[in-house]
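Engineer: Note that our numbering has the sequence shown beginning at 1140, numbered continuously upward.
In this text, a Cβ means the ideal position worked out from N, Cα and C, and glycines have one as well.
Supplied in structure tokens, the structure appears directly below.
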Amino acid sequence: MVEVFQDALRIPGEFLASGTAVALDKELAGSRFCDARLGRRFRRLVGQLAGRLGQPIPLACQDWANTKAAYRFLSNGRVNEWSILAGHFQATKERAVATEGPILVLHDTTEFSYTRESVHAIGLLRKGFVGRDTAGQPRLHTVCGILMHSSLAVTVEGLPLGLAAIKFWTRSKFKGTNALRGKINPARVPIEAKESIRWLENVQRSTALLGEAARCIHIGDRESDIYELFCTAEASGTNFLVRTCVDRLADDGKRTIAAVMRGVKVKAVHRIEVRDGKGELAEARLEVKYYKLRVLPPIGKHKKYPPLVLTVIHAQEAATPTGREKIDWKLITNLPIRSRKDAVEKLAWYACRWKIETFHKILKSGCRAEASKLRAAERIVNLIAVFCILSWRIFWITMMNRAAPTASPLVVLTALEKELGDRLVPSNSKQRHSKPTLSRYLTKIARLGGYLARAKDPPPGNTVMWRGLSRLTDIELGFHIGAQLVGN
């Protein structure tokens, strides 16, 4: 403990001494700024926001000088999401190279909405229904905000390796499918003229970043059921696993995919555990079909895109359960499915898609990205980019507790954080005489965030982890101040 105290006394700086900043060195070191001063300010801002996760910028920065510097950094025209996330993207690639087996790249879109007097400074999202006027006509209001399409790389065990691609945008006008009906067939609009192009761009960017196209499996929900995406993946030499919602023409064009699948026999019965609307565990019995067939491009695009040979996996419950929706998954993929084991494996991979929803939840609930009072879209995008790094770290720590519980605690924590954990949450006699593990120390941090650690409790989740890490950061800062006072 004496050496830890001595190390603390040697670390300069207001907050850069924190374990969070040290742990994020790899994510920050590769960020590219045209001015070294911007790089230093970036590191300081990350440390400040990490120390008070979810708090407003003035509270995180503590004084007007640092607050003003943070605002200037976020509004600097030479700062953007690419310069902020460059280091994190590189670190994601390095973690992917260090792992073995397939890499699941989870794609999804989320929106950040804000209340502002001037909606045009941030951008438009949609029109919301607020009721009807005295004449019975619908009253609508414009919702302002930013959309983000992110691609998160995870292992097949569910460990998040980091973001592999990201895209932000806003809408200048509302040009949805309904507005186009009666004027033009939306299916004939080029993909480059649609927001859907984001799916193709992120598949290409994430595949190029990770560098091993054959290892990547791009996973998306029904919104990603786009024929152009299938062709893009094929051209890039990578794989996709998408939940399908379009009943396309198949084989010779006389039948659809649904018609073909109705004639396919059930090849496997797979049992999984699910939770109902009350959170109670139950067993679901899935009947699994899979079939390889020739899928035709949409009518009107058959000259531009070739037919593809793909496999459809259909898993559904035979009976309708009570208390929850019936499971009915229709997946389409270019991965080889040769056996029941292969089909069940792909179902498990698709189930990992929910992890990107969890990542977005941390962004909104933990970092409180939608609580920002910044007035311009460019500033908010830069702030969300910083939050992406912090959100990934919380998610990674939470999942490391489940993926590698017996690893050394120093894989995630600094020596000081480990010592503080022992002081704040003492180990019992059995733990004191056993090898220290990552799970034991992350549980201590979770207990600082309200985790009860009862015998039958599941592993701590993201919420208690971000609360515990915030408390530990405050305690660590107090430790450094106390050590300096004692040293003086």
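Skipping 5 residues on each side, what residues in its chain have a beta carbon closer than 6 Å to that of L1449?
Structural biologist: Excluding sequence neighbours, L1449 sits near V1434, I1471 and N1473.
Engineer: Grouping DSSP H, G and I as helix and E and B as strand, with all else coil, what is N1215?
Structural biologist: Coil, per DSSP.
Engineer: Which class does C1384 belong to by DSSP, given the choice of helix, strand or coil?
Structural biologist: The answer is coil: DSSP assigns C1384 none of H, G, I, E or B.
Engineer: In whole angstroms, give me the CA-to-CA distance for D1467 and C1491.
Structural biologist: Rounded to the nearest angstrom, the two C-alpha atoms are 16 Å apart.
Engineer: Can you tell me which of Y1366, V1381 and V1525 puts its alpha carbon nearest to the alpha carbon of L1245?
Structural biologist: Cα-wise, what sits closest to L1245 is V1381.
Engineer: Let me know the secondary structure DSSP gives Y1210 once reduced to three states.
Structural biologist: Three-state DSSP puts Y1210 in a helix.
Engineer: For the stretch 1552–1621, list the alpha helix (DSSP H) runs that are entirely contained and at least 4 residues long, ordered along the chain.
Structural biologist: The stretch 1552–1621 contains these whole alpha helix (DSSP H) runs: 1554–1563, 1568–1571 and 1577–1587.
Engineer: What number of angstroms, rounded off, separates the C-alpha of L1286 from the C-alpha of P1446?
Structural biologist: If I take the Cα positions, the gap works out to 32 Å.
Engineer: Thinking I1635 and G1226 are a contact (beta carbons under 8 Å), I'd like their distance in whole angstroms, please.
Structural biologist: This structure leaves residue 1635 out entirely; the chain is present only between 1140 and 1627.
Engineer: Could you tell me whether the Cβ atoms of V1525 and V1185 are closer together than 8 Å?
Structural biologist: Cβ atoms of V1525 and V1185: closer than 8 Å.
Engineer: With a threshold of 8 Å between beta carbons, is R1310 in contact with chain C?
Structural biologist: Among the chains of the structure shown, chain C does not appear; only one protein chain is present.
Engineer: For C1384, does the count of other Cβ atoms within 10 angstroms reach 16, so buried, or fall short, so exposed?
Structural biologist: Label assigned to C1384: exposed.
Engineer: Between the alpha carbons of V1403 and H1409, how many angstroms are there, rounded?
Structural biologist: Approximately 17 Å between the Cα atoms of the pair.
Engineer: Between the Cα of L1177 and the Cα atoms of L1388, Y1210 and I1196, which residue gives the shortest distance?
Structural biologist: Of the listed residues, the one whose Cα sits closest to L1177 is Y1210.
Engineer: Can you list, in chain order, the stretches of the alpha helix (DSSP H) that have 4 or more residues and sit fully within the stretch 1378–1435?
Structural biologist: Within the stretch 1378–1435, the complete alpha helix (DSSP H) runs of at least 4 residues are 1396–1401.
Engineer: Compare the C-alpha of S1375 against each of A1389, G1359, I1358 and A1353 and name the closest.
Structural biologist: Cα-wise, what sits closest to S1375 is A1353.
Engineer: In three-state DSSP terms, what is T1316?
Structural biologist: Note that T1316 scores a pLDDT of 48, beneath 50, so its modelled location is shaky; the value from the coordinates is reported in the next line. Residue state, collapsed to three classes: helix.
Engineer: State the Cα-Cα distance for the pair F1228 and V1413, rounded to the nearest angstrom.
Structural biologist: Whole-angstrom Cα-Cα distance: 34 Å.
Engineer: Say whether the stretch 1498–1506 touches the stretch 1199–1210, bearing in mind that this needs 3 or more beta-carbon pairs closer than 8 Å, one atom from each stretch.
Structural biologist: Short answer: they don't touch.
Engineer: Can you tell me which of the three DSSP states T1497 falls into?
Structural biologist: Looking at T1497 - three-state DSSP - the assignment turns out to be helix.
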